[in-house]
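Residue numbers (the working numbering): 3 to 154. Heads up: the structure comes next, in structure tokens.
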């Protein structure tokens, strides 16, 4: 069954940009666009970050989450990343959908109105039951930490 994510426009949003959409039939992520209330650009200097509005509020179905991920082309070409990636939108959140964008590149980067700035993946998110036990079952790896499985 395909989950239904409900979206509502913020009052000042430019609805002509449309809802998030999958750009190809095999895409896992739906693109999110910068929906700037004044239609002006945001310039991020190297190392700077900003909360970029999408003009939307969201209702993710119970048992799911919306993961916000960077766009690989922006990361490779310009060093644009999402510092909390993947960001999680919980099923009970109903506020504005904003994207935290950071410029990890070496040149200023301009985010313009309508630009595709991130992608959203809707994924199952069951709640686990947590149980305290006296000991854990053994595994081949055991308590080995980072890098404990080797380099090959």
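For each residue, glycine too, the CB sits at the ideal point set by N, CA and C. Treat the numbers as computed from the prediction; the structure is a model and nothing was measured.
Here's a check: name, in chain order, each residue in its chain whose Cβ is nearer than 7 Å to the Cβ of residue i, leaving out the five neighbours to either side.
i          : result
residue 17 : 11
residue 86 : 102
residue 52 : 44, 46, 103
residue 25 : 33
Please list, in chain order, all residues of the same chain as residue i whose beta carbon is under 6 Å from its beta carbon, the five residues on each side excluded.
i          : result
residue 76 : 82
residue 50 : 105
From the options, pick the residue whose C-alpha is nearest to that of residue i; which is it?
i           : options         : result
residue 113 : 80, 96, 4, 13   : 80
residue 95  : 27, 68, 43, 148 : 68
residue 40  : 13, 26, 64, 145 : 13
residue 115 : 8, 74, 131, 56  : 56
residue 22  : 124, 66, 141    : 124
residue 30  : 133, 122, 147   : 122
Which residues in the same chain as residue i place their Cβ atom closer than 8 Å to its Cβ, once the five residues preceding and following it in sequence are excluded?
i           : result
residue 84  : 70, 71, 72, 101, 102, 103, 104, 120
residue 145 : none
residue 107 : 48, 80, 81, 82
Is it buried or exposed for residue i, if we count other Cβ within 10 angstroms and need 16 for buried?
i           : result
residue 97  : exposed
residue 3   : exposed
residue 131 : exposed
residue 8   : exposed
residue 36  : buried
residue 89  : buried
Tell me residue i's beta-bridge partners as DSSP assigns them.
i           : result
residue 123 : 69
residue 83  : 104
residue 98  : 59
Which residue comes first and which comes last in the beta strand (DSSP E) that contains residue i?
i           : result
residue 9   : 8–11
residue 52  : 51–61
residue 35  : 32–35
residue 148 : Here residue 148 belongs to no beta strand (DSSP E), and DSSP marks it neither H nor E.
residue 111 : 111–113
Between residue i and the ligand PLP, is there a pair consisting of the residue's CB and a ligand heavy atom that are separated by less than 6 Å?
i           : result
residue 128 : Although the ligand PLP was asked about, the structure shown includes no ligands whatsoever.
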